[in-house]
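Notes to accompany the following structure.
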Amino acid sequence: MNGRAVTLLGSAALVVAMSMVVATAPVTAATPSTATEGQSADHGQMTFNNHCRTCHSIKKGDNRQGPSLFGVFGAKAGSSPGYPYSAALAGSGITWDEKTLDEFIANPDSVVTNNKMKPYTGLTDPAVRKEILAFLKSNGAE
Ligand code: HEC
3 MNGRAVTLLG
13 SAALVVAMSM
23 VVATAPVTAA
33 TPSTATEGQS
43 ADHGQMTFNN
53 HCRTCHSIKK
63 GDNRQGPSLF
73 GVFGAKAGSS
83 PGYPYSAALA
93 GSGITWDEKT
103 LDEFIANPDS
113 VVTNNKMKPY
123 TGLTDPAVRK
133 EILAFLKSNG
143 AE
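FYI, the numbering for the sequence shown is 3 to 144, going by the numbering used here.
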C-alpha cells in the first residue's frame, strides 16, 4: 500500500517535470539566431534576390526553375542532385570558379551554347556580378 503511494507520487512528479520541459521548450526555440548576419552579406543577398532569386534558391537541394546554387563555387556544372539540366550544361565539363561564373552570368550563351537559363539575358555591370559572386562564394563556405 505504502509502496504504491510512493510510486504514484513518483510518477506525478515525473508528469510535472515533463510538462515543465514542454512549457519551456517554445521559449528556447523562439530565440532568434540572426545576430551573426553581417551588413555586406545582406547587400550581396539583396543583389542576388533582385537578379537571380526568381529562379534560384541558395538552400541546399532546393531546386526551383533553376538548380539550387548552394555551394556552386568549385562545383562541377550540372551537379545539383535531382535537377533536370539541359544536355548542354550537364555535358559542358565546366567547373564553376570566379572566371567561369562571371562569364556565365554576364552572358550564359557565350559559355554554354543551348543552355536553358531563360529568359535570363545576362548582367552587363561587372560590379553587380562581383557582388553576386561574393554572395554565392560565402554561401558555399558553410
Ligand atoms: C529565368 C530564370 C533564371 C534566372 C533569372 C537566373 N537563372 Fe541561373 N539557371 C536557370 C536555369 C533554368 C538553369 C539551368 C540551365 C541549364 O540546365 O541549361 C540555371 C543554371 C545556372 C547555373 C549553373 C548551375 C549548375 O549547377 O551548374 C548557375 C551558376 C546560375 N544559373 C547562376 C545564376 C545567377 C548567379 C543568376 C542571377 C545573376 C541566375 N542564375 C539567374 C534559370 C535562371
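Even glycine gets a Cβ: it sits at the ideal position worked out from N, Cα and C. These numbers come from a predicted model, not from an experiment.
The ligand HEC heavy atom lying under 7 Å from the CB of residue i
i, result
"Val113", "no"
"Phe106", "yes"
"Ala79", "yes"
"Asn117", "yes"
"Thr56", "yes"
"Gly2", "This structure does not reach residue 2, given that the chain is present from 3 up to 144, and the question cannot be answered."
"Ala90", "yes"
"Gln47", "no"
"Ile134", "yes"
"Ser59", "no"
"Ser140", "no"
"Pro128", "no"
"Lys62", "no"
"Pro121", "yes"
"Gly68", "yes"
C-alpha distance - residue i paired with residue j, whole-angstrom precision
i, j, result
"Cys54", "Asp111", "17 Å"
"Ala89", "Thr56", "22 Å"
"Leu71", "Ala77", "10 Å"
"Val114", "Pro128", "19 Å"
"Lys123", "Asn109", "For the record, residue 123 in the displayed sequence is Thr; it is not Lys. Using only the alpha carbons, I get a separation of about 7 Å."
"Thr102", "Ile96", "8 Å"
"Gly63", "Asn52", "21 Å"
"Asp65", "Pro86", "A quick correction: the sequence has Asn, not Asp, at residue 65. Whole-angstrom Cα-Cα distance: 9 Å."
"Lys120", "Ala92", "16 Å"
"Pro69", "Ser82", "6 Å"
"Ile60", "Asp44", "14 Å"
"Gly80", "His58", "14 Å"
| What alpha helix (DSSP H) runs, 4 residues minimum, are completely inside the segment 43–107? | 89–92
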